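With my numbering as the guide, the letters of the sequence shown map in order to residues 43 to 402.
The structure under discussion appears below in the form of structure tokens.
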Amino acid sequence: MKKYSFLIVSIVLIASIFAQKTLNIFKTDLSVLNIPMSGVDSLNFSDNNANLNIYNRAENTNMQVPVSSIDSITFSDSVPGTLPVVATAVVTSVSYTTAVSGLNIVSTGGTSITEKGICWSTTPTPTVENNKIASAAASALATVNLTKLPAGDTIYIRAYATNAAGTSYGNEVDFSTLAYSLPTVQTISAAFNYSTNSANCVVKVTSNGGCTLTERGICWSTTSNPTLGDSKYANGISVGQFYAIMSGLELNKTYYVRSYATNCVGTSYGNQLVVKPLPGNVTYTLDIDPVANPEPYRLIKIAMDSACYYFNRYSTFRGNVYVYFNSGIPTAQASYHGSIGFGSNTRYQWVGTAIHEMCH
């Protein structure tokens, strides 16, 4: 209570001496109350010492200012007309289009700060006429998140503060944002599927270059180094591993395939792989007397013709198989040297047995 009483006595004493002065109450939220002393009849604290009461008897008004909001009090001959003093903070967390800076209001200049923030430009000495980001912080120190900056450029920033006298600027700070680059992509594998005449590919985008992908996939051609102008398959726009399909492939042709990814900079290609959907070339020599064994000859020939069709259509196996008939064989048998023998049991003289034995 002594502190507040002393303050009131001091203010009243000064007010009586400087009746034509202006009372300036600087608040912690950077606002300033500029009150002509000629209009002040009395000053006192509320009963709980929470508020400073400024009473004007002529206008019958009583202004209450919370004591906790008061930073300092001064007197001046008139309303101060001085610009604010502001300092620019260092820049941190620089990315492609964002960064973090801040400001410090060293002095309000004597009137309320109506706006403060950071202004920036790609040329030196930026002003609020260029680009600005205002801060709503009600304190002298404020952090400002800089956004929508151009990537890969030099940025110049200055803190600014505005009061009734105008706008002032802090020291200039410059920095460079990160530059976008082409994506990086890898073609991991490409395997031909004989049943669908397509190739299943595994691809991985390891980096988007700093900006969002607009397309990713594979492209292929029968000539080396295919581009998006050739056949392509697109799948997603995210970073990471994915699957892609080469479709409509023909046997006996050689295809070249590359992964690709496109972002705001352009399109980049991964390593090239080769896909050769070559058909199998499996033949057989049938050593069975069609006169002596007409039915085994007929059934075994049908079985071997069908088995060779499947191997030549869906595999790349090549070779000639020697096929014979021996009534003493219980079912069928195969040799690692390339021969297949069928017995007299007709249940085993069919394509399933032929394929099974050929696989040996």
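Built from N, CA and C at the ideal position, the CB exists for glycine as well.
Remember, predicted model here, so these are calculated numbers, not experimental data.
Segment limits, beta strand (DSSP E) that includes residue i
| i | result |
| --- | --- |
| F234 | T226 to N235 |
| V127 | V127 to T130 |
| E257 | E257 to S263 |
| I199 | T196 to N205 |
| C243 | S240 to S249 |
| A176 | N173 to A176 |
| A184 | L183 to L188 |
| R389 | Note, R389: premise wrong, no beta strand (DSSP E); not H, not E. |
| S143 | A141 to S149 |
| S330 | The question names Ser, but residue 330 is Ile in the sequence shown. Per DSSP, I330 belongs to no beta strand (DSSP E) and is neither H nor E. |
| T64 | T64 to K69 |
| Y275 | S273 to A276 |
| S377 | A374 to S377 |
| N95 | N93 to N98 |
| S381 | S381 to F384 |
Reduced DSSP category for residue i - H, G, I as helix; E, B as strand; rest coil
| i | result |
| --- | --- |
| P108 | strand |
| E292 | coil |
| I155 | coil |
| G361 | strand |
| A396 | helix |
| P319 | coil |
| T116 | strand |
| G81 | helix |
| C401 | helix |
| T164 | coil |
| V307 | coil |
| T103 | strand |
| S137 | coil |
| Y366 | strand |
| T434 | Outside the shown range of the chain (43 to 402) lies residue 434, about which nothing can therefore be said. |
Between the CA atoms of residue j and residue i - distance to the nearest angstrom
| i | j | result |
| --- | --- | --- |
| V363 | G282 | 47 Å |
| G290 | Q375 | 39 Å |
| K274 | S301 | 9 Å |
| C261 | A241 | 12 Å |
| T165 | L72 | 30 Å |
| C161 | R200 | 6 Å |
| V316 | N294 | 13 Å |
| T325 | Y378 | 16 Å |
| Y390 | R355 | 23 Å |
| M400 | Y298 | 32 Å |
| L220 | S163 | 16 Å |
| I96 | V127 | 29 Å |
| D331 | V393 | 20 Å |
| D195 | V215 | 14 Å |
| K190 | T209 | 24 Å |
| Y202 | G144 | 10 Å |
| Y339 | N387 | 13 Å |
| T254 | P268 | 24 Å |
| M43 | D89 | Its pLDDT being 40, under 50, M43 is placed unreliably by the model, and nothing is read from it. |
| T304 | I287 | 18 Å |
| A396 | N368 | 15 Å |
| T327 | G361 | 11 Å |
| E337 | I382 | 17 Å |
| I279 | V186 | 32 Å |
Segment limits, alpha helix (DSSP H) that includes residue i
| i | result |
| --- | --- |
| D216 | No alpha helix (DSSP H) holds D216; the beta strand (DSSP E) holding it covers G208 to S218. |
| L341 | P336 to Y356 |
| V74 | Note, V74: premise wrong, no alpha helix (DSSP H); beta strand (DSSP E) at V74 to P78. |
Contacting residues, own chain, Cβ-Cβ under 6 Å from residue i (five flanking each side not counted)
| i | result |
| --- | --- |
| S231 | V244 |
| G81 | N98 |
| Q106 | N93 and N95 |
| Y311 | R300 and Y302 |
| I77 | L65 |
Close-in-space but distant-in-sequence residues of the same chain around residue i (CB under 7 Å, 5 per side omitted)
| i | result |
| --- | --- |
| S47 | The predicted position of S47 is uncertain, since its pLDDT is 48 and thus under 50; no value can be drawn from it. |
| D272 | C261, W262 and S263 |
| V3 | This structure gives no information on residue 3, because the portion of the chain shown stretches from 43 to 402. |
Residue i: CB within 7 Å of a non-hydrogen atom of the ligand COA
| i | result |
| --- | --- |
| K246 | No copy of the ligand COA occurs in the structure displayed, which carries no ligand at all. |
Close beta carbons around residue i, own chain, < 8 Å, minus the five adjacent residues each side
| i | result |
| --- | --- |
| S118 | K63, T64, N66 and G152 |
| E413 | What is shown of the chain runs 43 to 402, which leaves residue 413 out entirely. |
| L320 | L293, N294 and T358 |
| V109 | Y46, F87, N91, A92, N93 and L94 |
| F68 | V74, I112, D113, S114, I115, T116 and T150 |
| A176 | E157, K158 and G159 |
Beta carbon proximity, residue i to chain C, threshold 8 Å
| i | result |
| --- | --- |
| K158 | In the structure shown, chain C does not exist; there is a single protein chain. |
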